[in-house]
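Q: Taking the UniProt record's numbering, the leading residue of the sequence shown gets 1, the next gets one more, and so forth.
Have a look at this one.
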Amino acid sequence: MKLFSKRIIAAAIITGISIPATSYATNGFFLIGFGAKSRGMGGVGVAEGVDGLAAANNPATMIDVGTRFDIGGDIFFADMRVTHSDGTLSETVIQEKSDFENTAFSYGGNIFLLPNMGGTYKFSDDITVGFAFIGAGLGTQFNQKLPAGNTSYFFNFNGLGGDDKVGIKLLQVQIPLSIAFRINKQHTVGASFVIAGQGFEAWGLGAFEDLGFGATSGNLSNQGTDISYGAGIRLGWQGKFIDNKLKVGVNYSSRTYMTKFDDYKNLFAEQGDFDIPENYALGIAYNFNPKLNIKFDIQQINFNDVASIGNPGPLANDPSRTEFNPLCPGEDTIECKLGGNLGMGFGWTNQTVYKLGSEFHYNQKLTFRAGLNYGEATIKKDQVLFNLIAPATIEKHLTVGATYHFSEDIELSMSYVHAFENTITGQTLFQPSGAPINSPVDNASLSMKQRSLGFELGIKW
Numbered sequence: 001m002k003l004f005s006k007r008i009i010a011a012a013i014i015t016g017i018s019i020p021a022t023s024y025a026t027n028g029f030f031l032i033g034f035g036a037k038s039r040g041m042g043g044v045g046v047a048e049g050v051d052g053l054a055a056a057n058n059p060a061t062m063i064d065v066g067t068r069f070d071i072g073g074d075i076f077f078a079d080m081r082v083t084h085s086d087g088t089l090s091e092t093v094i095q096e097k098s099d100f101e102n103t104a105f106s107y108g109g110n111i112f113l114l115p116n117m118g119g120t121y122k123f124s125d126d127i128t129v130g131f132a133f134i135g136a137g138l139g140t141q142f143n144q145k146l147p148a149g150n151t152s153y154f155f156n157f158n159g160l161g162g163d164d165k166v167g168i169k170l171l172q173v174q175i176p177l178s179i180a181f182r183i184n185k186q187h188t189v190g191a192s193f194v195i196a197g198q199g200f201e202a203w204g205l206g207a208f209e210d211l212g213f214g215a216t217s218g219n220l221s222n223q224g225t226d227i228s229y230g231a232g233i234r235l236g237w238q239g240k241f242i243d244n245k246l247k248v249g250v251n252y253s254s255r256t257y258m259t260k261f262d263d264y265k266n267l268f269a270e271q272g273d274f275d276i277p278e279n280y281a282l283g284i285a286y287n288f289n290p291k292l293n294i295k296f297d298i299q300q301i302n303f304n305d306v307a308s309i310g311n312p313g314p315l316a317n318d319p320s321r322t323e324f325n326p327l328c329p330g331e332d333t334i335e336c337k338l339g340g341n342l343g344m345g346f347g348w349t350n351q352t353v354y355k356l357g358s359e360f361h362y363n364q365k366l367t368f369r370a371g372l373n374y375g376e377a378t379i380k381k382d383q384v385l386f387n388l389i390a391p392a393t394i395e396k397h398l399t400v401g402a403t404y405h406f407s408e409d410i411e412l413s414m415s416y417v418h419a420f421e422n423t424i425t426g427q428t429l430f431q432p433s434g435a436p437i438n439s440p441v442d443n444a445s446l447s448m449k450q451r452s453l454g455f456e457l458g459i460k461w
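Right under this line is the structure:
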């Protein structure tokens, strides 16, 4: 069973990692929600399950879903832009846009499908079992050849470690195997054992090795796709009150401990460690009448607790412009290099996400949904350098969705998510020529907006 699961995960990762790169998860590198119904309502789902992917949000909410299977996916369209101006690179502007727009700097396609599926089985009135297959991640792939014969590269400081493209791709797959148990009419608990896998690839970062950033030589860039595996747990509770009109849910997802990316052990802190962060959420759902349901979730994602994600990168406020790792001032030991126990990371902060959704049952055939999703960006203005290749800047989302019931047993749902553009401007250690040593200037920016269209086929038994 373990070998079979690993083969499934590996096949999914290899397939996903081969798709043209784009940045697709918009609560950091987490999706705002799982399945078309949840995503159409801003990503809510902790208080009430609505489909076969219920365990992805809270395993306890499977209890009222019944026996069903859902399969679908989301098509993503990304539009990104990064700029960086310094004395080494001159003025660099790099763009990556979706195929809906014409741009001179696009490298590869930016339209792709991220699939998902899940199922539940009502074993008895008090026990439901189920699973979900969900993804997350981010990716960029920029053309770092500049026009007019300029030989300066985006991450090729002084023209080192040449590569025509620069970027990263991270794809994560999680399979929560879940059970829900009804304690009484008011309270249900649930638990999941989560099997996880992830794939990672990086291009064009060879300059970091040539400049001595890595702990040892090699295993920093252009190593192909590396795959790691891991596991975690999820625990959930659902309570029903006021004649079942009010539902409250709590979900806790442990840190998912992953094997190391050995092929990139000199890029990620702690010798290639990249665990999936712990997160937890509280949700409420209130049924005002048989037609209208309003839901609200609040989720905390602890990105900063994973060293490779949360450790800071180079700061611009070093007067000498020689200190690279802010965790090791005045030191240049192996553990302070990229890949070391104190190695630099993306400097992401923890994120609190607020989700508001509504569901309106127009008639027996048709249901409409809408929602909002907001989470302050995890990137601060003094951490823009490393995040030029991971511009997860988006904060605000507007979502809509609908379900059409062909019969009592077959339905089709869709969702549309509009992630509004957000730009983060800040400072890097590599300042423009003539910039004051003791007063660094804003010389870099990250910007992204995104759209996604989701579909989901649901079958009940």
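Every residue, glycine too, gets a C-beta built ideally from N, C-alpha and C.
1. Assess, as a yes-or-no matter, whether the stretch 116-134 is touched by the stretch 66-80 under the definition of 3 or more beta carbon pairs within less than 8 Å.
2. Can you tell me whether DSSP reads Q95 as helix, strand or coil?
3. Can you find the residues in the same chain that come closer than 7 Å, C-beta to C-beta, to E395, ignoring five residues on each side of it along the sequence?
4. Rounded to whole angstroms, what is the Cα-Cα separation between N222 and K291?
5. With which residues is S253 paired in a DSSP beta bridge?
6. Among residues of its own chain, excluding the 5 on either side of I134, which ones have a beta-carbon nearer than 6 Å to its beta-carbon?
7. Can you tell me whether A242 is helix, strand or coil according to DSSP?
8. Give me the DSSP bridge partner(s) of G248.
9. Do you know how far the Cα of Q198 is from the Cα of Q383?
10. Starting from the Cα of residue 467, find the closest Cα among G347, N341, I294, Y404 and give me that residue.
11. Please classify G42: is it buried, with 16 or more other beta-carbons within 10 angstroms of its beta-carbon, or exposed?
12. Could you check whether F455 and A78 sit closer than 9 Å to each other, using their CB atoms as the reference points?
13. Taking Cβ positions, are D275 and R255 nearer each other than 9 Å?
14. Using a Cβ-Cβ cut-off of 7 Å (strictly less than) and excluding sequence neighbours within five positions of F368, which residues of its own chain qualify?
15. What does DSSP give as the partner residues of D125 in its beta bridges?
16. Among residues of its own chain, excluding the 5 on either side of H405, which ones have a beta-carbon nearer than 6 Å to its beta-carbon?
17. If Q172 sits next to A136, beta carbons under 8 Å apart, how far is it from one beta carbon to the other, in whole angstroms?
18. Could you check what DSSP says for D210 in three-state terms: helix, strand or coil?
19. Distance check for L220 and G206, CA to CA, integer angstroms please.
20. For V173, which residues does DSSP report across the bridge?
21. According to DSSP, simplified to helix, strand and coil, what is N387?
A: Walking through what the data contain:
1. Contact between the stretch 66-80 and the stretch 116-134 is present, because at least three Cβ pairs lie under 8 Å.
2. Only weak support is given to the placement of Q95: the predicted model assigns it a pLDDT of 45, under 50, and the value that follows is read from those uncertain coordinates. Secondary structure at Q95: strand, using DSSP grouped into helix, strand and coil.
3. Correct list, in chain order: Y374, G375, E376, A377, N422.
4. Each residue's Cα considered, the two are about 54 Å apart.
5. DSSP lists R234, N279 as the bridge partner or partners of S253.
6. Here the set comprises F34, A56, N116, Q174.
7. Residue identity differs from the one stated: residue 242 is Ile in this sequence, not Ala. Per DSSP, reduced to three states, the secondary structure at I242 is coil, with no helix or strand assignment.
8. It is Val, not Gly, that sits at residue 248 in the sequence shown. Per DSSP, G239, I284.
9. Each residue's alpha carbon lies about 25 Å from the other.
10. Outside the displayed span of the chain (1 to 461) sits residue 467, for which this structure offers no information.
11. Buried: at least 16 other Cβ atoms inside 10 Å.
12. Taking a C-beta distance under 9 Å as the contact criterion, A78 and F455 do not qualify as a contact pair.
13. With respect to R255, D275 sits close: the two C-beta atoms are nearer than 9 Å.
14. Contacts found: F360, Y362, A402.
15. For D125, which the question treats as bridged, DSSP gives no partner whatsoever.
16. Apart from sequence neighbours up to five positions away, the residues of its chain that approach H405 with a beta-carbon distance below 6 Å are K365, E411, ordered along the chain.
17. Contact between Q172 and A136 holds: their C-beta atoms lie close to 5 Å from each other, under 8 Å.
18. Note: D210 maps to helix in three-state DSSP.
19. Each residue's Cα considered, the two are about 7 Å apart.
20. V173 pairs with G135, G197.
21. Note: N387 maps to helix in three-state DSSP.
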